[in-house]
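Structure first, commentary second.
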Amino acid sequence: MSQEDDTIARLLRLKRYEQPPPHYFEEFLHEFQQRQRAEMLRRPLWRIGLDRIEAYWNQLSLSQLSYAGASAAVLLGAAVFTADMLQHPGGANPAASFAYQSYPVDPSLSAPLHHERVTPPGRSINTPRYAATHSESLPVRQVSGAPFTLNPQIEVAPDFFRQPVRTGATHSHPRYILDPRPVSYDAPISF
Amino acid sequence: MTEEIDDTEWVRRAQAGDPAAFDALVVKYSPRLYGLVYNMTSNHEDTNDLLQDIFAKAYRSIAGFRGKSSFYTWIHSIGVNMTINFLKKRGRRFHMSLDDLDAGVANDKEIVELTSNTTPVREADLSELQQRLNEVMMKLSHDHRAVVTMFDIQGMPHAEIAKILGVSEGTVRSRLFYAHRQLQNYLQEFHS
Numbered sequence: 000m001s002q003e004d005d006t007i008a009r010l011l012r013l014k015r016y017e018q019p020p021p022h023y024f025e026e027f028l029h030e031f032q033q034r035q036r037a038e039m040l041r042r043p044l045w046r047i048g049l050d051r052i053e054a055y056w057n058q059l060s061l062s063q064l065s066y067a068g069a070s071a072a073v074l075l076g077a078a079v080f081t082a083d084m085l086q087h088p089g090g091a092n093p094a095a096s097f098a099y100q101s102y103p104v105d106p107s108l109s110a111p112l113h114h115e116r117v118t119p120p121g122r123s124i125n126t127p128r129y130a131a132t133h134s135e136s137l138p139v140r141q142v143s144g145a146p147f148t149l150n151p152q153i154e155v156a157p158d159f160f161r162q163p164v165r166t167g168a169t170h171s172h173p174r175y176i177l178d179p180r181p182v183s184y185d186a187p188i189s190f
Numbered sequence: 000m001t002e003e004i005d006d007t008e009w010v011r012r013a014q015a016g017d018p019a020a021f022d023a024l025v026v027k028y029s030p031r032l033y034g035l036v037y038n039m040t041s042n043h044e045d046t047n048d049l050l051q052d053i054f055a056k057a058y059r060s061i062a063g064f065r066g067k068s069s070f071y072t073w074i075h076s077i078g079v080n081m082t083i084n085f086l087k088k089r090g091r092r093f094h095m096s097l098d099d100l101d102a103g104v105a106n107d108k109e110i111v112e113l114t115s116n117t118t119p120v121r122e123a124d125l126s127e128l129q130q131r132l133n134e135v136m137m138k139l140s141h142d143h144r145a146v147v148t149m150f151d152i153q154g155m156p157h158a159e160i161a162k163i164l165g166v167s168e169g170t171v172r173s174r175l176f177y178a179h180r181q182l183q184n185y186l187q188e189f190h191s
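Heads up: the sequence lines are chains A and B, in that order. Here numbering that gives the first Met the number 0 is used: position 30 in the first sequence is 29, and no number is missing along the way. Here numbering that gives the first Met the number 0 is used: position 96 in the second sequence is 95, and no number is missing along the way.
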């Protein structure tokens, strides 16, 4: 504390000696009690009732209320989940409602009728020669979807575009199954 | 800590509807609160009215007192807020109504030394100094005056003042710093 602060503090000490008249505080309490009683008499009945209700709510512990609220929320959530499960026995997840057909494949589903390939006329991307001379990816456009690229190194089986069979849900992404025989099983060609 | 336990018990009884318990709290805290309000208003009559209002409000709100802070902090917060609101409404038009200096001031060595540096200690000089002190206190802003009252006059620690005002200790120190600088300027004639 600096000298000036010390001087200020000492000067302000003088104010501690400013005191109300003697017996002031006894009279103050008496006055306060009288005022309290007068206020009680002046208060309407509805106000007293409101105060009692307010006091009752204040007496309730907030922690107890929060526990009760959390328990109610958990029970409500469980009830909603159970009701939903009963309405949809297959499960709530739409992805789980798909089943993918395995071999043997239905011929009507396995034909690649829904895609057009952008290849030079008279050439097939299935030949190894074409793959060797065209290392870039060829665009393959889906008729009803966003275009994507297909690497020509991959041999595409006739039943490449096999459509999943939907069983219930309406929203899904198309999934494709590659032929199990890898491309490396082709006989090498030498010139 | 015994004081806190006592307060807690009085508060519990007052919340249960025992008016005598609240009276005990009034008896205990009215001198301190009187000092707080009086040194912020510099008017005895205003202080008396405000003190009645403060305790009446505390009585009405005691059921909602949860004990998160001490009763001391809680009642002082009510006191400071109500006094500042009153001062805002009162504005600049007021007159000082000062309490008399206690006879014990003549035995306070620091006060005696302070006044004997300039003039001999006489009742007239002390009254003049008291008047001047109250005038300069009224020139401070309400917030600064509250901090000076609680720290310099009532001797509260910074942490307690911060709790009462709901501000950080840094804010309390900052307000004190600026308030002291203002007081130095106003009171220069007394220590020059």
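C-beta atoms are modelled at their ideal positions from N, C-alpha and C, and glycine is treated no differently. Everything numeric in this text was worked out from a predicted model, so none of it was measured.
Thinking just about the alpha-carbon of each residue, which of the options is nearest to the one in residue i?
i	options	result
residue 195 of chain B	B/125, B/162 and B/152	Nothing can be reported for residue 195 of chain B: it is not among the residues displayed for chain B, which extend from 0 to 191.
residue 27 of chain B	B/96, B/41 and B/9	B/9
residue 61 of chain B	B/94, B/13 and B/158	B/13
residue 126 of chain B	B/139, B/137, B/108 and B/104	B/104
residue 56 of chain B	A/31, A/40 and A/87	A/31
residue 54 of chain B	B/31, B/177 and B/38	B/31
residue 36 of chain A	B/59, B/133, B/135 and B/63	B/59
residue 93 of chain B	B/42, B/165 and B/81	B/42
residue 47 of chain B	B/96, B/187 and B/91	B/96
residue 75 of chain B	B/40, B/64, B/35 and B/44	B/35
residue 89 of chain B	B/98, B/39 and B/133	B/39
residue 109 of chain B	A/46, A/14 and A/9	A/9
residue 258 of chain B	A/1, A/68, A/18 and A/2	Only positions 0 to 191 of chain B appear in this structure, which leaves residue 258 of chain B out of reach.
residue 165 of chain B	B/45, B/5 and B/80	B/80
residue 13 of chain A	B/177, B/187, B/157 and B/152	B/152
residue 133 of chain B	A/15, A/3, A/46 and A/2	A/15
Please compile the residues from chain B whose C-beta is within a distance smaller than 8 Å of the C-beta of residue i.
i	result
residue 7 of chain A	151, 179, 182, 183 and 186
residue 34 of chain A	51 and 55
residue 85 of chain A	Result: empty, since nearest Cβ-Cβ is about 45 Å, beyond 8 Å.
Tell me which same chain residues have a C-beta within less than 7 Å of the C-beta of residue i, skipping the five on either side of it?
i	result
residue 174 of chain B	142, 143 and 146
residue 119 of chain B	Any reading at residue 119 of chain B must be qualified, since the residue scores a pLDDT of 49, below 50, and its modelled position is unreliable; no value is offered.
residue 167 of chain B	161
residue 134 of chain A	At residue 134 of chain A, the pLDDT of 48 sits below 50, so the modelled position is not reliable; the number obtained from the coordinates is stated separately. Closer than 7 Å at Cβ, skipping near neighbours: no residue.
residue 29 of chain B	50
residue 112 of chain A	Note that residue 112 of chain A has pLDDT 49, beneath the 50 cutoff, so the model's placement of it is unreliable and no number is given.
residue 5 of chain A	none
residue 68 of chain B	162
residue 77 of chain B	53, 56 and 57
Give the residues of chain B in contact with residue i, contact being defined as C-beta atoms less than 7 Å apart.
i	result
residue 19 of chain A	33, 43 and 98
residue 4 of chain A	179
residue 40 of chain A	Ordered by position in chain B, no residue passes the 7 Å Cβ test against residue 40 of chain A, which lies about 14 Å from the chain.
For residue i, go through chain A and note every residue whose CB falls closer than 8 Å to its CB, in chain order.
i	result
residue 29 of chain B	24, 27 and 28
residue 139 of chain B	Those do not exist, as residue 139 of chain B stays about 12 Å from chain A at its closest Cβ, beyond 8 Å.
residue 26 of chain B	24 and 28
Who are the near neighbours of residue i in its chain, counting only those whose CB is closer than 8 Å to its CB and skipping five residues on each side?
i	result
residue 7 of chain B	66 and 70
residue 18 of chain B	none
Would you say residue i reaches chain D, if we count a Cβ-Cβ gap shorter than 9 Å as a contact?
i	result
residue 66 of chain A	Among the protein chains of the structure shown, namely A and B, there is no chain D.
Between which residues of its own chain and residue i is the CB-CB distance below 6 Å, once the five residues before and five after are set aside?
i	result
residue 170 of chain B	none
residue 175 of chain A	none
residue 86 of chain B	141
residue 149 of chain B	155 and 160
residue 24 of chain B	9
residue 101 of chain A	Note that residue 101 of chain A scores 46 on pLDDT, short of 50, meaning its location in the model is unreliable; the coordinates nonetheless yield the value given after this. Excluding sequence neighbours, residue 101 of chain A sits near nothing in its chain.
residue 95 of chain A	Residue placement at residue 95 of chain A is poorly supported in this model, since its pLDDT is 46, which falls under 50; the coordinates still yield a value, given next. Nothing listed; no residue qualifies.
Along chain A, which residues have their Cβ under 7 Å away from the Cβ of residue i?
i	result
residue 166 of chain B	In chain order: nothing, as chain A lies at least about 21 Å away.
residue 38 of chain B	14
residue 71 of chain B	Near residue 71 of chain B there are no residues of chain A at all, since even the closest Cβ is about 17 Å away, more than 7 Å.
residue 171 of chain B	By Cβ distance, chain A contributes nothing, its closest Cβ being about 15 Å from residue 171 of chain B, past 7 Å.
residue 130 of chain B	Correct list: empty, because the minimum Cβ distance to chain A is about 11 Å.
Name the chain A residues whose beta carbon is nearer than 9 Å to that of residue i?
i	result
residue 22 of chain B	28, 31 and 32
residue 146 of chain B	The premise fails here: residue 146 of chain B is roughly 12 Å from chain A at the closest Cβ pair, so nothing lies under 9 Å.
At a CB-CB cut-off below 9 Å, which residues of chain B make contact with residue i?
i	result
residue 75 of chain A	Within 9 Å Cβ-Cβ: nothing; residue 75 of chain A doesn't reach chain B, min ~29 Å.
(request) Taking a Cβ distance cut-off of 9 Å, strictly less, list which residues of the stretch 87-112 of chain B are near chain A, in chain order. (result) 97, 98, 99, 100, 101, 102, 103, 104, 107, 109, 110 and 112
(request) Note down, one range per segment and in chain order, each beta strand (DSSP E) of at least 3 residues found wholly within the stretch 78-110 of chain B. (result) none
(request) Starting from the N-terminal side, write out each stretch of the alpha helix (DSSP H) that is 4 residues or longer and does not extend beyond the stretch 15-62 of chain B. (result) 18-40 and 43-60
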